[in-house]
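Undergrad: Shown below is the structure under consideration.
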Amino acid sequence: MSEIALTKEQQENILNEWNSRPNKPPSLLELIRAAYPNQNVDGRSREGKAVKAFLATREIKAHGSHEYQPKQKIDLTEEHKEFVRNNFSMMSSVEMARILFAEPELTNLNQESRAIVQYVESLNPAIAHAAQTELLPDIEKYEPPKTLPATILKVNRYVHEGINKAKLSINQKNGLNALIGYLHTFRFQHQIGTYRNETDRELFESSFVRYTFDKPDLSQEEVDQYIVLSTEVVISNNIQRRVERLQELLDGTANDTEGRRISMSLVESIDTSHKEYNQCVNRQQKLLESLKEKRSDKLKKQISENASVLNLVQMWREEESRQKMIKLAEIRKKTLKKEIENLSTMDEMKAKVMGISKDEVLDG
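According to numbering that gives the first Met the number 0, the sequence shown is numbered sequentially starting from 0.
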C-alpha cells in the first residue's frame, strides 16, 4: 500500500493551525483534522501517518491527544484578584475560575483553579475577615439547654404553636426531656459546631428542634437521620444564596466580547447550582418520607401493643369482677345459713319470754 502525499494546501493548513496557537499548541489529532477536516481519521490511519511524516520534516513535535500537557503557572491579573476578594466568601475556587477564565469545564485540578486557591490562602487575614464580616462573625460555642424551662423557650422560638408551660402534659414533658438528650449528643454538637455563622447555626438548630421536639422515643439512628436532614436544609439555603450572588454578577456583566464569555460561564455556574439545589431538595424529601414511614409504623405498633394491654386489663377486670361475685355469693350463702339457724331457735326464745320451758310447753 503506497504512502499518501499531502497536498500543498493541506501542508499550509497544518502550519497555519500550528503557528496560530503558540501558547497552546494543537495536538496531533487536531493537526490531522486540519489537513482532513471532513474525514474521521486519527494517528493510526494512513492519513495520520502522512501528517506525522510531514511534521517530522519541519521538526515539529505534536503531542497525542491522550498525552498529558502540563500547563504553565497561571498569573492572576489585578482584576482577577479583585474579583476573588469580593466573591471568595460566597463561591468556590472552581466556580470563580470558570467565570474568570470563561471555561465551564474547569475542575479543581486545573492550574486556573489552583492559582485562585493559592491567592485566597495568601490573603491577609484582616482582608479575609473584612470580606466575610457578615458571614463569619465571632460566635460563642454552642451550649444546649439543660432544663425544661430553657428547652420550652427554645421550642417556642422555632415552633409556631409552641408549648404552654402552665398546661404541660405528660407527653410534652417526655418530649422535652428527650429533646434535651438529643441536643447533648456528640453528633449534634459536632455538626452545629461546624457552622461559623449565626444564620446557618440557627437554621440547623431550628430545623432539628421542629422535627424532634414531639418525638420522645427516637432511636440513636433516627436522631442521626434528623441531624442529616437538618444539615441538608442548611446546604440548600447556601446554594440559594450562591445562585442569588451569581445572578447579581450576571446582571452586571458587560455586553462586550469578554463580558459575553463571562456571561456564558456564569450561566453555566447558575445551571450547575440549580442542579445541586434540586438534588439537595430531593435528598431531603426522600429522607423525610423515610422517617415519616418509620414513624408511622412505630406508632401503629405502639397502638397495637397498647390495644393488647387494654384487652389484658379488661380481661383482668372481668376476672376480678367474677371473683367478687363468687365471694359475694359465698357471703350471702353463709348469711342465709345463719338466718335459718336463728329461725330454728325461735320457739325456744318465745318460751323463755313467756316464762316456761320448752318441756313444759310440750307437756301442756
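All C-beta atoms in this analysis are idealised placements derived from N, C-alpha and C, irrespective of residue type, glycine included.
These numbers were taken from a predicted model, which means no experiment stands behind them.
I'd like to check one pair, Met263 with Ala101: are the Cβ atoms closer than 8 angstroms?
TA: Yes, these two residues count as a Cβ contact at 8 angstroms.
Undergrad: Roughly how many whole angstroms lie between the Cα atoms of Ser379 and Glu275?
TA: Since the first residue of the chain shown is 0 and the last is 363, residue 379 is not available in this structure.
Undergrad: Would the stretch 208-222 count as touching the stretch 241-254 if we require 3 or more Cβ pairs under 8 angstroms?
TA: The stretch 208-222 vs the stretch 241-254: no contact.
Undergrad: What three-state label does DSSP hand Asn170 in the structure shown?
TA: The answer is helix: DSSP assigns Asn170 an H, G or I state.
Undergrad: Pick from Val227, Ser168, Glu81, Asn170: whose alpha carbon is nearest that of Leu122?
TA: Comparing Cα positions, the closest option is Glu81.
Undergrad: Is Glu46 near Ile13, with beta carbons less than 8 angstroms apart?
TA: No, they are not a contact pair.
Undergrad: For the candidate residues Ile234, Glu16, Lys300, whose alpha-carbon lies nearest to that of Val280?
TA: If we check each option's Cα against that of Val280, Ile234 comes out closest.
Undergrad: Compare the Cα-Cα distances from Arg240 to each of Ser44, Asp41, Asn86 and report the closest residue.
TA: Answer by Cα proximity: Asn86.
Undergrad: Is Leu182 buried or exposed, if buried means 16 or more other CB atoms sit within 10 Å of its CB?
TA: By the 10 Å Cβ count, Leu182 comes out buried.
Undergrad: Just the Cα atoms here: how many angstroms apart are Glu104 and Val116?
TA: So the two alpha carbons sit approximately 17 angstroms from each other.
Undergrad: For Arg32, which of Pro21, Lys23, Trp17 has the nearest alpha-carbon?
TA: Considering only alpha carbons, the answer is Trp17.
Undergrad: Mind checking which residues open and close the alpha helix (DSSP H) that includes Asn196?
TA: No alpha helix (DSSP H) contains Asn196, which DSSP labels as neither H nor E.
Undergrad: Between Tyr118 and Ser272, what straight-line distance do the alpha-carbon atoms span, to the nearest angstrom?
TA: So the alpha carbons of these two residues sit roughly 24 angstroms apart.
Undergrad: Please report the distance separating the alpha-carbon of Ile59 from that of Gly42.
TA: In a straight line, the C-alpha of Ile59 is about 15 angstroms away from that of Gly42.
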